[in-house]
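Chains as they are written, first to last, in my numbering: chain G, -10 to 447; chain R, 6 to 249.
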């Protein structure tokens, strides 16, 4: 990211300025978490399924090199053209060149978090090419000139009234109409024109099967299919970790993905793209962008198992009460907080701390990523690499000195409690973030150690 | 059975009554309990803030104080989990390993080691259990709502032995309260909002008391309750199990 952001804590504080909105955001996502629970409980072997998925991905990460080459070979045999991009910049250049070869100035794109990660839309805009996002939620945030706030539900932070206003302004729907059915129909009309006119379509990839060279794209709206089938050129952009070894493994992942994401048994469309139809070009862009580096970080390697279901966001009590934009990264929430520091440790040094380490994320993760343990480990790495604030470091050093010396701890505790009892204003003031919305604990006259000495003499 | 009593720093300083209730309960149940003087902290506040490399001093103190006990028991799931996951001392690894394997949170010590099946305790009130995350998801004190697995709860098993006590049902059985160590000050806005929401769930379901296995969460919830001038009180599970 080129610009400096406020940190998560401050962005979250801004979000919390409107408490009813926080309640609404929290309840909406909790409802999705409950839908996920309900459908998970309908499958007795749910935990076994998670374990299986985790192990398949473990195998993929251990043999990624071979699987990628196998996938490339098969895809080429199928008639696709495979491109390799080491980073976001290379990815963007490859896509731009393909678009320039076609001479297009406007094209459609279905949901792809990878292209968000690479900031493809602004890059193409700089080169005079307009991208029309065709996932309804993504189109909404695009019209609002905002990034998605959630990887599965990009406009989950927007109320229907706000969407009505946006559509009134951009699509000419009547002012004040916020009926979801009506607005969806309006978006459908608007997007249909784009689909018909677009000669190039970009899609993301959910799963790429090494054995067959095919890709599977999961959507609820069929927008990836509309784009890819109508266009002369289909460009599929994928991170290199999207590989699965065999087609049969889809039987595990497709069962987990939508159940974890939205509580649906399966996405409405699970489309397999294998060979370009006559006269069409199929390009596949395989993107690394830090993934090899993450693969080399033993403690964080498992984060590459992620299938982008968003379950960790829906369950995260912090995400639900701070909103996706507070993570200032394409991927928000717990998974974003363990992926982002790999991309830019300084820029995202705040994210692993935006968690209570409650562990709910790891429990819902369909591929069993130890998310909260990785958050803890990133905290250590970030501090060791010198990205902790000086004031915080000073506080921690002082705390350590007191806690490492029993005599000093006893004296400091006694004095501290005496000060709190005698001059409460020393701690009960605006400088103390605890006191802002909470009372301090009442300081007792004697500590437990004091009591024990008196009551259990040796 | 020689039990070393670990009373975490903030309990020692601010909630001595929880330490007293824990000690008294263990003694009532026939344990030979010693509180080693000079103990301070498990080191978690530094470690969770990214400063685990500073915790050598705390680790050494901990091993020195607790290496000679059959069991180490503490009224805090969070501190126990930290010791279990992170206690290491150069040159004393055997002692550290002994402690990591022999440290128990109070409730699990009662249910799993002492195998307590009845208690002479009375607490005629409506009580809500706050499942502290580190105890629940870290130590496995109770089943977690995210998993498709049979339910169980060690704290509930014990509270069910208390005469007159009525447990209330919550809308969200195991959501985090937002304390989170230094998270409670560095992410003050979200921390307090999470605490307020937890409290509302207990209050809306008729709780007179909120109890749990971690004083840290309860301290955070108590701070908010007192600011709200609420009549709802917090008590550590030891205080309820020890009440007559």
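Each residue gets a CB set at the ideal place from its N, CA and C atoms; glycine is no exception.
Assuming residue i and residue j make a contact with CB atoms under 8 Å, what is their CB distance in whole Å?
{"i": "residue 1 of chain G", "j": "residue 192 of chain R", "result": "6 Å"}
{"i": "residue 252 of chain G", "j": "residue 25 of chain G", "result": "5 Å"}
{"i": "residue 250 of chain R", "j": "residue 152 of chain R", "result": "Since the first residue of chain R shown is 6 and the last is 249, residue 250 of chain R is not available in this structure."}
{"i": "residue 140 of chain G", "j": "residue 297 of chain G", "result": "5 Å"}
{"i": "residue 219 of chain R", "j": "residue 140 of chain R", "result": "6 Å"}
{"i": "residue 224 of chain R", "j": "residue 179 of chain R", "result": "That pair is no contact at about 19 Å."}
{"i": "residue 130 of chain G", "j": "residue 96 of chain G", "result": "The Cβ separation is near 18 Å, so there is no contact."}
{"i": "residue 48 of chain R", "j": "residue 63 of chain R", "result": "4 Å"}
{"i": "residue 228 of chain R", "j": "residue 410 of chain G", "result": "About 17 Å separates the two Cβ atoms, so there is no contact after all."}
{"i": "residue 275 of chain G", "j": "residue 73 of chain G", "result": "5 Å"}
Quick one: using the 10 Å Cβ neighbour count with 16 as the cut-off for buried, is residue i buried or exposed?
{"i": "residue 185 of chain G", "result": "exposed"}
{"i": "residue 232 of chain G", "result": "buried"}
{"i": "residue 13 of chain G", "result": "exposed"}
{"i": "residue 44 of chain R", "result": "buried"}
{"i": "residue 6 of chain R", "result": "exposed"}
{"i": "residue 448 of chain G", "result": "Nothing about residue 448 of chain G can be reported from this structure: the residues present for chain G run from -10 to 447 only."}
{"i": "residue 165 of chain R", "result": "exposed"}
{"i": "residue 243 of chain R", "result": "buried"}
{"i": "residue 235 of chain G", "result": "exposed"}
{"i": "residue 328 of chain G", "result": "buried"}
{"i": "residue 240 of chain G", "result": "exposed"}
{"i": "residue 415 of chain G", "result": "exposed"}
{"i": "residue 18 of chain R", "result": "buried"}
{"i": "residue 164 of chain G", "result": "exposed"}
{"i": "residue 432 of chain G", "result": "buried"}
{"i": "residue 249 of chain R", "result": "exposed"}
{"i": "residue 404 of chain G", "result": "exposed"}
{"i": "residue 230 of chain G", "result": "buried"}
What's the C-alpha gap between residue i and residue j?
{"i": "residue -9 of chain G", "j": "residue 87 of chain R", "result": "Low confidence applies to residue -9 of chain G: its pLDDT is 40, below 50, so where it sits in the model is not reliable enough to give any reading."}
{"i": "residue 26 of chain R", "j": "residue 39 of chain R", "result": "14 Å"}
{"i": "residue 446 of chain G", "j": "residue 200 of chain R", "result": "40 Å"}
{"i": "residue 52 of chain G", "j": "residue 280 of chain G", "result": "14 Å"}
{"i": "residue 286 of chain G", "j": "residue 245 of chain R", "result": "46 Å"}
{"i": "residue 167 of chain G", "j": "residue 123 of chain R", "result": "59 Å"}
{"i": "residue 358 of chain G", "j": "residue 288 of chain G", "result": "11 Å"}
{"i": "residue 376 of chain G", "j": "residue 189 of chain R", "result": "20 Å"}
{"i": "residue 441 of chain G", "j": "residue 41 of chain R", "result": "10 Å"}
{"i": "residue -2 of chain G", "j": "residue 59 of chain R", "result": "25 Å"}
{"i": "residue 50 of chain R", "j": "residue 365 of chain G", "result": "12 Å"}
{"i": "residue 192 of chain G", "j": "residue 309 of chain G", "result": "28 Å"}
{"i": "residue 94 of chain R", "j": "residue 106 of chain R", "result": "15 Å"}
{"i": "residue 74 of chain R", "j": "residue 8 of chain R", "result": "6 Å"}
{"i": "residue 172 of chain G", "j": "residue 122 of chain G", "result": "16 Å"}
{"i": "residue 395 of chain G", "j": "residue 149 of chain G", "result": "58 Å"}
{"i": "residue 20 of chain R", "j": "residue 28 of chain R", "result": "13 Å"}
{"i": "residue 104 of chain G", "j": "residue 255 of chain G", "result": "24 Å"}
{"i": "residue 236 of chain R", "j": "residue 138 of chain R", "result": "25 Å"}
{"i": "residue 270 of chain G", "j": "residue 215 of chain G", "result": "16 Å"}
{"i": "residue 336 of chain G", "j": "residue 352 of chain G", "result": "28 Å"}
{"i": "residue 38 of chain G", "j": "residue 181 of chain G", "result": "38 Å"}
{"i": "residue 210 of chain R", "j": "residue 216 of chain R", "result": "14 Å"}
{"i": "residue 126 of chain G", "j": "residue 109 of chain R", "result": "48 Å"}
{"i": "residue 444 of chain G", "j": "residue 34 of chain R", "result": "19 Å"}
{"i": "residue 421 of chain G", "j": "residue 4 of chain G", "result": "21 Å"}
{"i": "residue 159 of chain R", "j": "residue 43 of chain G", "result": "29 Å"}
Compute every distance between the C-beta of residue i and the non-hydrogen atoms of the ligand COA, then say whether any falls below 7 Å.
{"i": "residue 343 of chain G", "result": "The ligand COA is absent from the structure shown, which contains no ligand whatsoever."}
**Message:** Which runs of the beta strand (DSSP E) at least 3 residues long sit entirely within the stretch 274 to 358 of chain G? Give them in chain order.
**Reply:** none
**Asked** Can you list, in chain order, the residues of the stretch 294 to 309 of chain G whose Cβ is nearer than 7 Å to any Cβ on chain R?
**Response** 304, 306, 307
**Request:** Could you pull out every unbroken beta strand (DSSP E) segment of at least 3 residues lying fully inside the stretch 35 to 77 of chain G, listed in chain order?
**Result:** 70 to 74
**Request:** Could you please tell me which residues of the stretch 89 to 120 of chain R, in chain order, have their CB closer than 8 Å to any CB of chain G?
**Result:** none
**Message:** Report the start-end ranges of each alpha helix (DSSP H) in the stretch 354 to 419 of chain G that is 4 residues or longer and not cut off at the edges.
**Reply:** 360 to 373, 379 to 393, 395 to 411
**Asked** Using a Cβ cut-off of 7 Å, which residues of the stretch 23 to 42 of chain R contact any Cβ in chain G, in chain order?
**Response** 24, 25, 40, 42
**Prompt:** What are the uninterrupted segments assigned as beta strand (DSSP E) that are 3 or more residues long and contained completely in the stretch 86 to 127 of chain R, given in chain order?
**Reply:** 108 to 110
**Request:** Can you check the stretch 212 to 275 of chain G for any beta strand (DSSP E) of at least 3 residues that lies completely inside it and give the ranges in chain order?
**Result:** 222 to 228, 258 to 262
**Message:** Please give the ranges of any alpha helix (DSSP H) in the stretch 141 to 178 of chain R, keeping only runs that are unbroken, at least 4 residues long and fully inside the region.
**Reply:** Whole alpha helix (DSSP H) segments, 4+ residues: 159 to 164.
**Prompt:** At which residue ranges does the stretch 183 to 214 of chain G contain complete beta strand (DSSP E) runs of 3 or more residues, listed in the order of the chain?
**Reply:** 189 to 192, 196 to 198, 203 to 208
**Message:** Output needed in chain order: residues of the stretch 55 to 67 of chain R with a Cβ under 9 Å from some Cβ in chain G.
**Reply:** 55, 56, 57, 58, 59, 60, 61, 62, 63, 65, 66
**Prompt:** What are the residues of the stretch 0 to 11 of chain G that lie near chain R, defined by any Cβ-Cβ distance shorter than 9 Å?
**Reply:** 1, 2, 3, 4, 5, 6, 8, 11
**Cβ-based contacts, 8 Å cut-off: residues of the stretch 140 to 155 of chain R near chain G** = 142, 143, 149, 150, 151, 152, 153, 154
**Prompt:** Which ranges does the alpha helix (DSSP H) cover as unbroken runs of at least 4 residues, wholly within the stretch 108 to 172 of chain G, from first to last along the chain?
**Reply:** 109 to 115, 125 to 132, 149 to 160
**Prompt:** Listed from N- to C-terminal order along the chain, which residues in the stretch 399 to 410 of chain G have their beta-carbon within a distance smaller than 7 Å of any beta-carbon of chain R?
**Reply:** 402, 406
**Request:** Select from the stretch 218 to 230 of chain R all residues with a C-beta closer than 8 Å to any C-beta belonging to chain G, and list them in chain order.
**Result:** 224, 225, 227, 228, 229
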